[in-house]
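**Q**
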Amino acid sequence: MIESAIAWLLHVLAAPEVGLTSVFLISFVSATLVPLGSEPAVFAVIKANPMLFWSAIGVATVGNTLGGAVDYYIGYQAKQTFRKERKSRWFHWLERYGAKTMLLAWLPGIGDPLCTLGGWLKLPFWPSLAYMAVGKLLRYLTMTTLLLYVPDGVWHRIGQLLG
Numbered sequence: 001m002i003e004s005a006i007a008w009l010l011h012v013l014a015a016p017e018v019g020l021t022s023v024f025l026i027s028f029v030s031a032t033l034v035p036l037g038s039e040p041a042v043f044a045v046i047k048a049n050p051m052l053f054w055s056a057i058g059v060a061t062v063g064n065t066l067g068g069a070v071d072y073y074i075g076y077q078a079k080q081t082f083r084k085e086r087k088s089r090w091f092h093w094l095e096r097y098g099a100k101t102m103l104l105a106w107l108p109g110i111g112d113p114l115c116t117l118g119g120w121l122k123l124p125f126w127p128s129l130a131y132m133a134v135g136k137l138l139r140y141l142t143m144t145t146l147l148l149y150v151p152d153g154v155w156h157r158i159g160q161l162l163g
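Numbered by full-length UniProt numbering, the letters in the sequence shown go through residues 1 to 163 in order.
1. So, is Q67 buried or exposed, given that buried needs 16 or more other C-beta atoms within 10 angstroms?
2. Out of H156, L123, S30, point me to the one whose CA is closest to T61's CA.
3. Rounded to whole angstroms, what's the CA-CA distance from residue 201 to V34? Just pull it up for me.
4. For a quick check, are the C-beta atoms of V42 and Y140 less than 7 Å apart?
5. Measure the beta-carbon distance from A105 to M132 and round it to whole angstroms, keeping in mind my assumption that it falls under 8 Å.
6. Given this structure, state the Cα-to-Cα distance separating P124 from A99, to the nearest angstrom.
7. Would you say K122 faces chain B, with C-beta separation under 7 Å as the test?
Next comes the structure, spelled out in structure tokens:
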């Protein structure tokens, strides 16, 4: 059931007329604890319309940062649930470096839980959000720029292999 719902959502969001809305929604959802990558959506929109480079990067950054804020809120509310984990190395590290650790929110696999732990530890919200945004902006700029340097022929060959 969940797989078919996700497939339907991805089909709807793949519509070209949706563009930046798709980028925002996919970026937002991928920043929560749902395993979904947003870089392909950002790249696809920019590849289809290069004039949207900064718009797509900005929309993806905002969506992904807001998703990180949701993770932060979940962690903030879940403090009692994880009380026994308080002595782990992760918590000590987060307490030591504070909101600056949110720069690492862009990392695949650990970035989203890191935002959740930041909320659990009640790190200052606005500095945490700012660091999340900077890290995510740098990720989107780096990934999209690198993907744009891949020649079109490579993408066509990948498409032929997959389709």
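The C-beta atom is built at its ideal place from N, Cα and C for all residues, glycine as well.
It should be emphasised that the depicted structure is a prediction, and the values quoted were computed from it without experimental measurement.
**A** So, from the data block:
1. As written in the sequence, residue 67 is Gly, which differs from the Gln given in the question. Buried, since its Cβ has 16 or more Cβ neighbours within 10 Å.
2. S30
3. One cannot answer for residue 201 here, as it falls past the ends of the chain, which runs 1 to 163.
4. yes
5. 4 Å
6. 6 Å
7. This model lacks chain B altogether; it includes just one protein chain.
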